[in-house]
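**Q** Have a look at the structure that comes next, please.
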Amino acid sequence: MMLLDDGANPWSLASSDLFYDAYSPKGLSRQALCPCAGSPETLTVSLRRPVSTTTTGRGVMSISGLSYGVVRVEEQGSITSLTLQDVGLVMPGARVVVVKVSGLPILCKTDEIGEICVQSTASGSAYWGLQGKSTHTFRVQPLNAKEVAVTTGVYVRSGLLGFVGNGGLVFICGTLDGLIQVSGRKHNTEDIIATVMAVEPHSFVYRGRITVFSINVLRDERVVVVAEQRPTCTDEEAFSWMNNVVPAVESIHGLNLYGIVLVHHNRLPRGSNGVVHVQETKSRFIDGTLHPVNLLMCPHQCITNLPLPKPHTTVKGAAQLMGDMVTGRVAETKGQSLSIPFDEQDGAGKFNYIIDVLAWRAQSCPENVLFSMVDSKGHTTRSINCITLHKRAERIAAFIVEKLNRGKAKIRGEHVAVIMPCGIDLVATFFGCLYAGFVPVTIRPPQSNNLPACLPTIKLTLEISNVLGVLTTHNIARILKSKEAAPLLDSKSVPPLIELDDVPKKKLESLYRVPSPEMIAYIDFNVSTTGVLSGVKVSHTGVMGMCRAHQHVSELYPSRELALCLDPYSGFGLVLFILSSIYSGHHSYLLNIYDLELNASLWLSVISTHKIRDTYCSYTAIEACCKELGSATDMLKSRGVDLSCVRSCVVVGEERPRLSLLSSFSALFSPLGLGSHTISTSFGCRVNPIICLQVSPLHYSVVF
1 MMLLDDGANP WSLASSDLFY DAYSPKGLSR QALCPCAGSP ETLTVSLRRP VSTTTTGRGV
61 MSISGLSYGV VRVEEQGSIT SLTLQDVGLV MPGARVVVVK VSGLPILCKT DEIGEICVQS
121 TASGSAYWGL QGKSTHTFRV QPLNAKEVAV TTGVYVRSGL LGFVGNGGLV FICGTLDGLI
181 QVSGRKHNTE DIIATVMAVE PHSFVYRGRI TVFSINVLRD ERVVVVAEQR PTCTDEEAFS
241 WMNNVVPAVE SIHGLNLYGI VLVHHNRLPR GSNGVVHVQE TKSRFIDGTL HPVNLLMCPH
301 QCITNLPLPK PHTTVKGAAQ LMGDMVTGRV AETKGQSLSI PFDEQDGAGK FNYIIDVLAW
361 RAQSCPENVL FSMVDSKGHT TRSINCITLH KRAERIAAFI VEKLNRGKAK IRGEHVAVIM
421 PCGIDLVATF FGCLYAGFVP VTIRPPQSNN LPACLPTIKL TLEISNVLGV LTTHNIARIL
481 KSKEAAPLLD SKSVPPLIEL DDVPKKKLES LYRVPSPEMI AYIDFNVSTT GVLSGVKVSH
541 TGVMGMCRAH QHVSELYPSR ELALCLDPYS GFGLVLFILS SIYSGHHSYL LNIYDLELNA
601 SLWLSVISTH KIRDTYCSYT AIEACCKELG SATDMLKSRG VDLSCVRSCV VVGEERPRLS
661 LLSSFSALFS PLGLGSHTIS TSFGCRVNPI ICLQVSPLHY SVVF
């Protein structure tokens, strides 16, 4: 018999299982491991004897059920399950009851979780000098549902949470001290810590130096995770790890974290027993004295009970007079006015729909080149002017109408998925959908070497958007139908795949006339930093507003040239890649962001070769240049790469500016002529991709 005593965490099986796996080859029997449960107030509550005299049992419980205080059996191996080992029978001469955790000590049902109370001569009797607390802990009288005492004598609270199973076996699933209640559900902090530590923590945080607590925000408890970051862990690695922790806790516990805080090693306060002091850590977090080295806050995920806005009241004379007297104003700002004369310089401002702008440019300036595609070697493989793009979009529109209508009346306003590679065909297909009256849903195509990461997002987007068909190429369609994709994407559930490699030269009868500018132009789907997929419906008015604002602040006109190296499938990247050149008429050099993996100097070489003054890129491009070319500036200079022509380099993102990365980029490539004031950032969100955009020569930020 080998007695296992862990009063702080008696339900943990990891240590005992590791011990058994290590010594089972030496003849150790699993039945010889006998766990027990106890607390300072009750001493030993229960003890499992050897198998010859006591039955044993393990139960696989639902974590969701435990959070509601009930016992529910879960399937073996499920990520939302918790395996419990019984801690044996009650000690001889003792009695055990299970009472409600909060309120009066009412007895629980057999399938309910509660606090275990013990009646025994071998237990404590009082706290020294604490009469009130002693009465609450050592003199518990269990009650029935009618609040009538059902037993004689008093019981002692153990502080352990659990239930009594078949045969009188006691199961422990938590402690009262480690319990936090969020939105009516009770969660065990030790279980949350176990989930956090399961997300590959060894290279990022220290095991045993992590704590979980809750704080009150907007009349509910919000969960915060605090851990010590390893010195060898970079900020990018820590941020990536924190982004993986948030969806893991949400999927397993159904709990949205309020924030994750990482501090320097040996900075968390410790108690007399050497473990992290939870209350002191919580106090420092509230007081703002924790001094985090990395911080990820997710209030938008966990706070769902925001207060309703106050009802609008009519402003009367006295209130208006008082408002004129007040000098302070709320925190708001206004962007520049979009002057109509500037819009009417090339005529695009008189239209309400982007498809009308393309049709007008095809007539007024048919030979004006709008897009040029650059391959991984820096060669311009394809260029397209206004008239060619217009005719290509017309042929695609006629083709998809023929394929999707199937002889029926034309279906207008239906959603169509666009899974096209980064390039001119993506732009033509997008406008082909608009010409035919369909609402395009752009989806990033799958990568053959990373199908497990790509296909679930594609599948979920197709299901949520309820598309009528999928416009794609032969190569992408072959990947979607491949055997490797079958386990992740059922080909029978995928809408019809329409391949656009060889579109017949059939002209569309007439362009679709949108009934109202408030109708949906396209749907923008993307996965947030917390792993949540969401779609935003963008109207034609929104499209024209974003294009007009971008033209105004960047001073775009047909003779301007831009280089784009970013993701073209969502957000501001979609506006830049597909829509902005159509509205303003400027020439855009399109670069595939994945080509930087093959040629890290591609983006900088294109800028230098074509003497491009304005460029837009993503943080991925900045990281690739700093990582791969940081020590190769002399080689680039010998090749004639000159960045002195750059007037503005705008980094597009939906996050706070990564100043350290931008400063490193500016310092590394300043020998190539890159000015220190040319780099700026844009800011946007899911519902408004272009909230704030600053072009370097301006001395102020522009808000739209």
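All residue numbers for the sequence shown refer to the UniProt record's numbering, where the first residue is 1 and numbers rise by one. Where is the CB? At the ideal position from N, CA and C, for every residue including glycine.
Can you tell me the Cα-Cα spacing of Val646 and Thr381, whole angstroms?
**A** As the crow flies, the alpha-carbon of Val646 is around 23 Å from that of Thr381.
**Q** Which class does Gln279 belong to by DSSP, given the choice of helix, strand or coil?
**A** helix
**Q** Write down the C-beta distance between Ile252 and Thr80 rounded to the nearest angstrom, noting that I regard them as a contact closer than 8 Å.
**A** 6 Å
**Q** Taking only the alpha-carbon atoms, compute the straight-line gap between Gly673 and Leu598 and give it to the nearest angstrom.
**A** 24 Å
**Q** Closest to Cys675 by C-alpha separation, out of Gly653, Ser123, His265, Ser644, would be which residue?
**A** As written in the sequence, residue 675 is Gly, which differs from the Cys given in the question. The residue with the shortest Cα to Cα distance from Gly675 is Ser644.
**Q** Starting from Leu511, trace the beta strand (DSSP E) in both directions and tell me its first and last residue.
**A** Premise fails: Leu511 is in no beta strand (DSSP E) and is neither H nor E.
**Q** Could you say which of Ser183, Gly59, Asn294 lies nearest to Ile68 if we only look at CA atoms?
**A** One detail in the question is off: residue 68 reads as Tyr in this sequence, not Ile. If we check each option's Cα against that of Tyr68, Ser183 comes out closest.
**Q** How about the segment 236-255 and the segment 185-205: do they share at least three Cβ pairs that are nearer than 8 Å?
**A** yes
**Q** With respect to the alpha helix (DSSP H) encompassing Tyr589, which residues constitute its N-terminal and C-terminal limits?
**A** Unbroken run through Tyr589 is the beta strand (DSSP E), 587-591; no alpha helix (DSSP H).
**Q** Put Asn526 into one of helix, strand or coil per three-state DSSP.
**A** strand
**Q** Please determine, among Pro671, Ile679, Thr620, the residue with the shortest C-alpha to C-alpha distance to Glu236.
**A** The shortest C-alpha separation from Glu236 is found at Thr620.
**Q** Val418: which of His379, Glu402, Val101, Ile458 sits nearest, CA to CA?
**A** Ile458
**Q** Please work out which residues of its chain come closer than 8 Å, Cβ to Cβ, to Pro495, disregarding the five sequence neighbours upstream and downstream, and give them in chain order.
**A** So the qualifying residues of the chain are Ala417, Leu462, Val467, Leu468, Gly469, Val470.
**Q** Can you tell me whether Asn450 is buried or exposed? The criterion is at least 16 other CB atoms within 10 Å of its CB, across all chains shown.
**A** exposed
**Q** Using three-state DSSP, classify Met420 as helix, strand or coil.
**A** Correct three-state label for Met420: coil.
**Q** For Glu250, collect the residues of the same chain with a Cβ closer than 6 Å to its Cβ; drop the 5 residues on either side in sequence, then sort them by chain order.
**A** Asn256
**Q** Which class does Phe572 belong to by DSSP, given the choice of helix, strand or coil?
**A** helix
**Q** Alpha carbon to alpha carbon, how far is Met242 from Val101?
**A** 32 Å
**Q** How big is the Cα-Cα spacing for His677 and Val293?
**A** 28 Å
**Q** For the alpha helix (DSSP H) that contains Arg548, what are its first and last residues?
**A** Per DSSP, Arg548 belongs to the alpha helix (DSSP H) from 540-554.
**Q** Measuring straight from C-alpha to C-alpha, what distance separates Tyr569 and Cys617?
**A** When rounded, the distance between both Cα atoms is 14 Å.
**Q** By DSSP, does Ala436 sit in helix, in strand, or in coil?
**A** Helix, per DSSP.
**Q** In terms of residues, what are the limits of the beta strand (DSSP E) holding Val374?
**A** 369-374
**Q** With C-beta atoms as the reference, is Val652 less than 7 Å away from Ser682?
**A** yes
**Q** To the nearest angstrom, report how far apart Thr327 and Leu693 are at their CA atoms.
**A** For Thr327, the pLDDT reaches just 49, beneath the cut-off of 50, and the residue's location in the model is therefore unreliable, although a value from the coordinates is still provided. Roughly 29 Å between the two C-alpha positions.
**Q** Can you name the residues that DSSP bridges to Gly116?
**A** For the record, residue 116 in the displayed sequence is Ile; it is not Gly. In the DSSP output, where bridge partners are listed per residue, Ile116 has Val98.
**Q** Flag Arg209 as yes if its beta-carbon sits less than 7 Å from any beta-carbon of chain D, otherwise no.
**A** Absent from the structure: chain D. Only one protein chain is present.
**Q** Taking the C-alpha atoms as reference points, what is the distance between His300 and Leu308?
**A** 15 Å
**Q** If I measure Cβ to Cβ from Gly153 and keep anything under 7 Å in the same chain, skipping five residues before and after, which residues do I get?
**A** Gln119
**Q** Enumerate in chain order the residues of its own chain whose CB-to-CB distance from Gly413 is below 8 Å, with the five nearest sequence positions on each side excluded.
**A** Gly437, Phe438, Val439, Met519, Ile520
**Q** Going along the chain, which residues of its own chain have a beta-carbon closer than 7 Å to the beta-carbon of Ser605, five neighbours each way excluded?
**A** Gly378, Val641
**Q** Report yes if the C-beta distance between Met197 and Gly259 is below 7 Å; otherwise report no.
**A** no
**Q** Buried or exposed: which applies to Gly93, given that a residue is buried once 16 or more other Cβ atoms fall within 10 Å of its Cβ?
**A** exposed
**Q** Does Val401 come out as helix, strand or coil in the three-state DSSP assignment?
**A** helix
**Q** Quick one, are the C-beta atoms of Pro517 and Asn385 less than 7 Å apart?
**A** no
**Q** Looking at Val224 and Val170, is the spacing between their C-beta atoms short of 7 Å?
**A** no
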